[in-house]
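Q:
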Amino acid sequence: MGSKNDLIFPNAQSCLLATTCNAGVTASFHTLQQCRTLKPTSALRRSYAKETDKLDDFRAREEQRERERDAAEQAAAATDTQGDGGGGERGKTSEEEAAKQAKVDGIRSRILDAAMLHVPQHGWTKQAIIQGAEECGYPSVVHGMFPEGGFALVSHFNGKCNAQLVQQLQLQTNNGQLEVNDPLDFLVQAVRQRLTMIEPYKTQWPQAMALIAQPQHASTALAQVLTLVDDICYYSGDRSVDFGWYTRRIGLATIMKMTELYMLQDASPAHAQTWEFLKNRMDEAVQLQMALSQTEGMTQTFSRSFNSAFITARNILGLGYSRH
């Protein structure tokens with residue numbers, strides 16, 4: 000601890016030497032001048048001894064604090080090492096939190112599944128969620144788990160429908176390994192399958208679209224649409240890296256939402272006019288894509304913007320680009 004004290008009290012030795020030297024000079028001066036008004040050397044020695052005791056006490060306290068601080072740092076380092084190794088309390092806490100969140104997500108999903116049965120009567124509302132919770136054996140106050148209200152139902156429904164469609168596309172293409180003979184028809188049929196899933200809730204769907212359009216829900220809703228059209232294009236065989244990759248996905252998302260609106264007003268048998276509208280819009284999109292592909296000046300700018308949009312969409316939903 001000697002070296003450490005020297006760092007803490009860098010001038011201690013100089014001060015002691017100066018004090019000792021001054022004491023000697025004072026004693027000699029007393030002898031030479033025989034001045035009785037000055038303090039005797041013995042008094043200086045007693046004063047010096049008293050001050051030295053105080054200094055020793057101070058240094059002892061500082062040394063004790065140093066030891067306590069070192070011990071605390073070592074204990075903290077040992078705790079961090081244990082946590083990083085996965086065997087400490089921190090690792091256990093993380094696993095417990097993940098398990099708890101998975102349990103909560105499971106409860107939410109069961110409640111929303113049950114609530115879907117009450118949408119025809121109560122719409123996309125908190126009341127439908129309450130009915131679903133009670134059917135699952137939970138009290139009505141559990142609707143507090145859904146701060147987004149009725150949009151939780153809409154998002155849950157869209158997410159399940161999107162996942163169901165992707166599973167169908169995977170089966171049709173052997174998880175993207177089989178080549179699609181007619182990509183345009185593949186896109187048309189995929190959009191048709193997805194919109195057909197809305198039919199049981201067609202009467203209540205305008206309310207769902209109104210919830211989707213609210214600013215606080217726009218990011219999640221847009222992410223679900225962009226992710227879906229990306230998956231549809233992927234399984235259609237679109238693996239290109241040119242400008243058409245972006246225009247096809249943005250165009251498909253636009254056509255799908257246009258057809259969705261058209262479907263709500265379509266009273267034709269089996270929505271025949273809706274599917275004709277869809278086919279015509281897809282044909283027009285092909286022509287538009289051909290025109291845009293020849294506009295090379297805007298290609299890089301649009302590519303960067305669209306790429307950011309799709310990456311953001313998947314990040315919002317917690318998805319990656321792996322489809323395996």
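Quick note: the sequence shown uses numbering that gives the first Met the number 0, first residue 0, plus one each step.
The beta-carbon is built from N, C-alpha and C at its ideal position, and this holds for glycine as well.
Whole angstroms are fine: how far does the CA of Ala207 sit from the CA of His270?
A: Here the question's residue 270 lines up with position 271 in the sequence shown. Here the question's residue 207 lines up with position 208 in the sequence shown. Answer to the nearest angstrom: the Cα atoms are 20 Å apart.
Q: Which residue comes first and which comes last in the alpha helix (DSSP H) that contains Ala127?
A: Stepping through the sequence shown from its first residue, residue 127 is reached at position 128. Unbroken alpha helix (DSSP H) run through Ala127: 125-134.
Q: In three-state DSSP terms, what is Thr202?
A: Position 203 of the sequence shown, counted from the first residue, corresponds to residue 202. Reduced to three states, the DSSP call for Thr202 is coil.
Q: DSSP state of Arg238, grouped into three classes?
A: For the purposes of this step, residue 238 is identified with residue 239 of the sequence shown, where counting begins at 1. Here Arg238 sits in coil by DSSP.
Q: Does DSSP classify Gln167 as helix, strand or coil?
A: As a working mapping, residue 167 is identified with position 168 in the sequence shown. Three-state result, Gln167: helix.
Q: With distance defined between alpha-carbon atoms, name the residue in Leu221, Asn157, Leu225 nearest to Arg193.
A: As a position in the sequence shown, residue 193 is number 194, starting the count at 1. For the residues Leu221, Asn157, Leu225, the minimum Cα distance to Arg193 belongs to Asn157.
Q: Pick out whichever of Tyr234, Ala127, His142 has its Cα sitting closest to the Cα of Asn174.
A: Here residue 174 corresponds to residue number 175 of the sequence shown, with the count starting at 1. Nearest option by C-alpha distance: Tyr234.
Q: Which residues bound the alpha helix (DSSP H) around Leu251?
A: Taking the first residue of the sequence shown as position 1, residue 251 is located at position 252. From DSSP, the alpha helix (DSSP H) with Leu251 extends over 243-264.
Q: So, are the CB atoms of Asp237 and Pro182 less than 8 Å apart?
A: Locating residue 237 in the sequence shown gives position 238, counting from the first residue. Locating residue 182 in the sequence shown gives position 183, counting from the first residue. Taking 8 Å as the Cβ cut-off, Asp237 and Pro182 qualify as a contacting pair.
Q: For Met262, does the count of other Cβ atoms within 10 angstroms reach 16, so buried, or fall short, so exposed?
A: Reading the sequence shown from its first residue, position 263 is the one you call residue 262. Buried, by the Cβ-count rule.
Q: When DSSP labels each residue in this structure, what does Asn157 get in the three-state scheme?
A: Here residue 157 is taken as the residue at index 158 of the sequence shown, counted from 1. It is helical.
Q: Go through its chain and collect everything with a Cβ distance to Ile211's Cβ below 7 Å, but skip five positions before and after it.
A: As a first step, residue 211 must be located in the sequence shown, where it is residue number 212. Cβ within range, chain order: Val153, Ala220.
Q: What number of angstroms, rounded off, separates the C-alpha of His121 from the C-alpha of Ile128?
A: Sequence index remark: in the sequence shown, residue 121 carries index 122 (1-based). Sequence index remark: in the sequence shown, residue 128 carries index 129 (1-based). About 9 Å.
Q: If you draw a straight line from the alpha carbon of Pro205 to that of Thr92, how long is it in whole angstroms?
A: Within the sequence shown, numbered from 1, the residue matching residue 205 stands at position 206. Within the sequence shown, numbered from 1, the residue matching residue 92 stands at position 93. If I take the Cα positions, the gap works out to 44 Å.
Q: By the 10 Å Cβ neighbour count, where 16 or more other Cβ atoms means buried, how is Asn161 classified, buried or exposed?
A: Within the sequence shown, numbered from 1, the residue matching residue 161 stands at position 162. The residue in question, Asn161, is buried, as its Cβ has 16 or more Cβ neighbours within 10 Å.
Q: On the DSSP letters alone, give me the boundaries of the alpha helix (DSSP H) that Gly192 sits inside.
A: Along the sequence shown, one-based indexing puts residue 192 at 193. It is worth fixing the name first, because residue 192 is Gln in this sequence and not Gly. Residues 182-195.
Q: Quick check on Leu210: does DSSP put it in helix, strand or coil?
A: As a working mapping, residue 210 is identified with position 211 in the sequence shown. It is helical.
Q: Looking at C-alpha atoms only, which residue of Asp184, Thr273, His155, Arg248 is the closest neighbour of Asp282?
A: The residue given as residue 282 occupies position 283 in the sequence shown. Among Asp184, Thr273, His155, Arg248, the Cα nearest to that of Asp282 belongs to Asp184.
Q: Does DSSP classify Glu96 as helix, strand or coil?
A: Mapped onto the sequence shown, residue 96 falls at position 97. Helix, per DSSP.
Q: Might you give, ordered along the chain, the residues of its own chain that have their beta carbon closer than 8 Å to the beta carbon of Gln213, omitting 5 neighbours on each side?
A: As a first step, residue 213 must be located in the sequence shown, where it is residue number 214. Taken in chain order, the residues that qualify are Phe150.
Q: Going along the chain, which residues of its own chain have a beta-carbon closer than 6 Å to the beta-carbon of Val224, five neighbours each way excluded?
A: Translated into the one-based positions of the sequence shown, residue 224 becomes position 225. Correct list, in chain order: Ala252.
Q: Determine the direct distance from the alpha carbon of Pro138 to that of Val179, and round the result to whole angstroms.
A: The residue labelled residue 179 in the question sits at position 180 within the sequence shown. The residue labelled residue 138 in the question sits at position 139 within the sequence shown. If you take the alpha carbons of Val179 and Pro138, they lie about 50 Å apart.
Q: Cα-Cα, which of His216, Ser267, Leu287, Ala217 is closest to Thr246?
A: What you label residue 246 is simply residue 247 of the sequence shown in a count that begins at 1. The candidate whose alpha carbon is nearest that of Thr246 is Leu287.
Q: Are the CB atoms of Leu277 and Val187 nearer to each other than 8 Å?
A: Position 278 of the sequence shown, counting from 1, holds the residue named residue 277. Position 188 of the sequence shown, counting from 1, holds the residue named residue 187. Taking 8 Å as the Cβ cut-off, Leu277 and Val187 qualify as a contacting pair.
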